[in-house]
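Numbering (the numbering used here), first residue to last: 197 to 336. Cβ atoms here follow ideal geometry from the backbone N, Cα and C, with glycine treated the same way. Note that the structure is predicted; figures quoted are calculated from it, not measured. In what follows, a single structure is set out as structure tokens and then discussed.
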């Protein structure tokens, strides 16, 4: 399952770019992506006989997380593929642990050791080298 998940997450942005070239909108792509996931998970849960509706309070929280949290993240991610290469978009997405760690420190939730600070610095430096945000203004 881990390999299937890795391959799926790795190929999704490439398939999205191909779909966009064929005229599929971001909203259309996301609609079919979520519909396919809903149907597949329904079959898996039915097959495992674990299809259950969570308690009302949990259901509302889960619905809000999915409808607003994950949908917003997916919308921003797949819209960014319209403007940047897949490699840069994926790299920005997967540097989130560095940004979460920085945010946790700024909020006072976590301390950062020198080793972690060095790792964050290297991650952001690598991101800057690949994304090259200064290309247009500095000319290199």
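Practice problem: With DSSP as the reference, label residue 291 as helix, strand or coil. | Solution: Coil, per DSSP.
Exercise. List the endpoints of the continuous alpha helix (DSSP H) containing residue 275.
Key: Boundaries of the alpha helix (DSSP H) around residue 275: 267–276.
Quiz item: Exposed or buried, which one is residue 256 when buried takes at least 16 other CB atoms within 10 Å?
Solution: Looking at its Cβ environment, which holds fewer than 16 other Cβ atoms inside 10 Å, residue 256 is exposed.
Quiz item: For residue 209, which of helix, strand or coil comes out of DSSP?
Solution: The three-state reading of DSSP puts residue 209 in helix, counting H, G and I together.
Quiz prompt | Local conformation of residue 298 per DSSP, three classes | solution = Helix, per DSSP.
Self-check item: Per-residue burial, residue 222 [other beta carbons within 10 Å of its own, 16 or more giving buried]
Solution: The Cβ neighbour count for residue 222, taken over all protein chains shown within 10 Å, is at least 16; the residue is labelled buried.
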